[in-house]
Amino acid sequence: MKDPQNRRQSLSRAELYLKACQQTGTSPVSSFLSHLGEAHLNLNYYGLGPLGAKALAIALQCDNDTTNLELEHNGLQAEGVRYLMKMLQRNTTICSLNLSSNQLHLEGANIISQRLVDNYYIQSIKLSGNDFDDSAAKCFAEALSSDYVLKNLDLSYNKICDKGGKYLGDMIATNIGIQVLNLSWNSISACGAVALSDGLKVNSTLKELQLSYNNFGYMEAKSLGQALKKNCTLVLLDLSSNNMDDQAVTLLCEGLASNNTLSILKFASNPMTDSGALTLLTTFKNNINSALEMIDISSVYVYENFLELLEQVHQKSPALTVRYRVLDSVIRNLSALDVFMRFLKERNETIMDFFQALDKEGVMEVSTLAFMKAVKAAEIPLDQGQLIWLVKKFDKKCTAKILYSHLAQLS
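Heads up: the sequence shown runs through residues -14 to 396, numbered per our numbering.
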């Protein structure tokens, strides 16, 4: 419950806000009035417009309570943002600001950047969906090149291309504050992607880099792989929905092979296959210092070899989470050995008994054809796919012969 002094301050701000609304000819937002004195002020989707922003800015100039101001999708435009940035010259309490989807364009980017040049308080700013282009990216990059206060920068859903990516890459090479950078849903590739990678090589603060829905492919994967060899702070890398195929994955894995800080890798909706998935998992297995805890390849259909390798990996790294897709037939094939061994157990036979009965000459090998015929004759409940998979498991070198001595350990 607010003390009398806080109630008087809230009343004062309410009166100030209502007067500002009257002066600007805008309708008061009841949500603002009902949440005066609270740290989190959510005014998303209220249609404030530039003049509504002006009235709000007047009321917040001397506010000491609000720390997080949410103004997404309010049609603020550059004019409205100008009022807010002027307000922030006096207000030193607001440290988190959401200005996403407000039709800000380059003019708005210029206004915000000018404020960020002398930033001492803003730690998080979301600017998603404002039609920012390469010129806008340049504004932000120049303003933040030596900034150490801003921790979270969201420039997703904009129109930043290669030049913009280069400006931002140069920025993260010198910036010593940003920990989370969201560049998803832009059109960064080529020189822009290389510059981001070069910046990542020397950056010492960035922890999360979100690059989904850009144009990263083979060349971009190569530069990122080199960056991951040197970077020692990044813990999350989101490359979902790019153009990275199996060859690109191989290049990325050159960095993952020695990286010891990345814990989350998001790679869904890329044109990679089960082969690329195997490369990723093998790289993790071989890097004893890997910090990976989650690999998201949830759009990739994996096959039996991947699942068997994953089972081996989980024996040493049970905490690793891997998201993938798998066909029912693959799961069924992997159960073939269990079905076979369970059948033998019910007959009080060992696997060696089964093969020795087929090995009339005692040469410790049986043809795969003879094995398949024996399985069918014994009416072991395996379908054709399961049987073929079992044969491949026993005859890994595809010699058409099963050297069964090494199978004794399965008994």
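All C-beta atoms, glycine included, are put in the ideal place defined by N, C-alpha and C.
Across which residues does DSSP place residue i in a beta bridge pair?
i      : result
Glu55  : Asn27 and Asn83
Asp119 : According to DSSP, which records beta bridges pairwise, Asp119 is partnered with nothing at all.
Val311 : Val287
Met279 : Ile249 and Thr306
Ser109 : Ser81 and Asn137
What residue from the options has the CA that sits closest to residue i's CA?
i       : options                           : result
Leu312  : Gly184, Phe291, Asp103 and Gly22  : Phe291
Phe17   : Thr9, Leu56 and Gly10             : Leu56
Asp155  : Tyr133, Val187 and Glu293         : Val187
Glu0    : Ser169, Leu41, Glu289 and Val360  : Leu41
Val348  : Ser208, Tyr198, Leu388 and Leu61  : Leu388
Gln371  : Met357, Glu239 and Cys383         : Met357
Asn397  : Asp368, Cys176, Leu101 and Leu209 : Outside the shown range of the chain, which is -14 to 396, sits residue 397, and nothing can be said about it.
His20   : Tyr2, Gln7 and Gly32              : Tyr2
Lys71   : Ser130, Ser98, Ser208 and Thr9    : Ser98
Asp103  : Gln394, Ala122 and Arg75          : Arg75
Ser260  : Leu221, Tyr309 and Met279         : Tyr309
Ile273  : Ser120, Lys345 and Thr246         : Thr246
Ser85   : Phe117, Tyr105, Leu395 and Thr51  : Phe117
Ser113  : Ile107, Asp50 and Asn83           : Asn83
Gly436  : Cys47, Asp50, His58 and Lys39     : Nothing in the structure corresponds to residue 436, since the chain is present only between -14 and 396.
Ile316  : Val287, His58, Ala233 and Leu354  : Val287
Arg(-2) : Ile43, Tyr31 and Tyr30            : Ile43
Pro35   : Leu54, Leu45, Leu61 and His25     : Leu61
Asp48   : His58, Leu26 and Asn59            : Leu26
Asn137  : Met279, Glu346 and Lys111         : Lys111
Gly398  : Gly149, Gly150 and Ser130         : Outside the displayed range of the chain (-14 to 396) lies residue 398, so it cannot be described from this structure.
Glu278  : Glu289, Pro256, Lys301 and Gln8   : Lys301
Ala5    : Gly22, Gln46 and Val298           : Gln46
Glu239  : Pro256, Asn216, Gln211 and Thr9   : Gln211
Leu367  : Glu350, Arg327 and Ala355         : Arg327
Gln108  : Asp119, Thr78 and Ser141          : Thr78
Gln394  : Glu364, Lys382 and Asp338         : Asp338
Thr190  : Ala180, Asp50 and Ile157          : Ile157
Ala242  : Asn271, Cys217 and Thr11          : Asn271
Arg67   : Thr51, Gly37, Asp50 and Cys80     : Gly37
May I ask which residues mark the beginning and end of the alpha helix (DSSP H) holding residue i?
i      : result
Val351 : Looking at the DSSP string, Val351 is not in any alpha helix (DSSP H); the run it does join, the beta strand (DSSP E), is Glu350 to Ser352.
Asp50  : Where Asp50 is concerned, there is no enclosing alpha helix (DSSP H), given that its DSSP letter is neither H nor E.
Asn271 : Asp259 to Asn271
Asp338 : Ile336 to Leu343
Asp323 : Ala321 to Glu331
Asn104 : Taken as a continuous stretch (DSSP letters only), Asn104 belongs to no alpha helix (DSSP H), as it is neither H nor E.
Leu69  : Gln62 to Met72
Glu205 : Tyr203 to Lys215
Val14  : Taken as a continuous stretch (DSSP letters only), Val14 belongs to no alpha helix (DSSP H), as it is neither H nor E.
Leu401 : Residue 401 lies beyond the stretch modelled for the chain, which goes from -14 to 396, so this question has no answer here.
Are residue i and residue j closer than 8 Å when you measure CB to CB?
i      : j      : result
Asn87  : Asn115 : yes
Ala250 : Asp281 : The identity of residue 250 in the sequence shown is Leu, whereas the question assumes Ala. For Leu250 and Asp281, yes; Cβs fall inside 8 Å.
Ser174 : Asn143 : no
Gly93  : Ala128 : no
Leu236 : Ala206 : yes
Asn227 : Gly202 : yes
Leu213 : Gln195 : no
Thr258 : Val285 : yes
Gly177 : Asp147 : yes
Asp392 : Leu322 : Inspection of the sequence shows that residue 392 is occupied by Leu rather than by Asp. Not a contact, by the Cβ cut-off of 8 Å.
Val165 : Lys123 : no
Ser254 : Asp223 : no
Leu295 : Val307 : yes
Val134 : Tyr105 : yes
Leu209 : Ser248 : no
Leu265 : Leu219 : no
Ala24  : Asn59  : no
Thr353 : Ala385 : yes
Lys91  : Ala126 : According to the sequence provided, residue 91 is Leu. The question's Lys does not apply to it. Not a contact, by the Cβ cut-off of 8 Å.
Val234 : Phe269 : no
Phe252 : Ser225 : yes
Phe340 : Val351 : yes
Taking residue i as part of the beta strand (DSSP E), name the residues at either end of that continuous run.
i      : result
Asn137 : Asn137 to Asp139
Val234 : Not the beta strand (DSSP E): Val234 falls in the alpha helix (DSSP H), residues Asp231 to Leu241.
Lys414 : Examination of residue 414 is not possible in this model, given that the chain is present from -14 through 396 alone.
Lys251 : Ile249 to Lys251
Leu221 : Leu221 to Asp223
The ligand NAP heavy atoms versus the CB of residue i: any closer than 7 Å?
i      : result
Asp323 : Within the structure as shown, the ligand NAP is missing, as the structure has no ligands at all.
- Starting from the N-terminal side, write out each stretch of the alpha helix (DSSP H) that is 4 residues or longer and does not extend beyond the region 112 to 196. 119 to 129, 147 to 159 and 175 to 187
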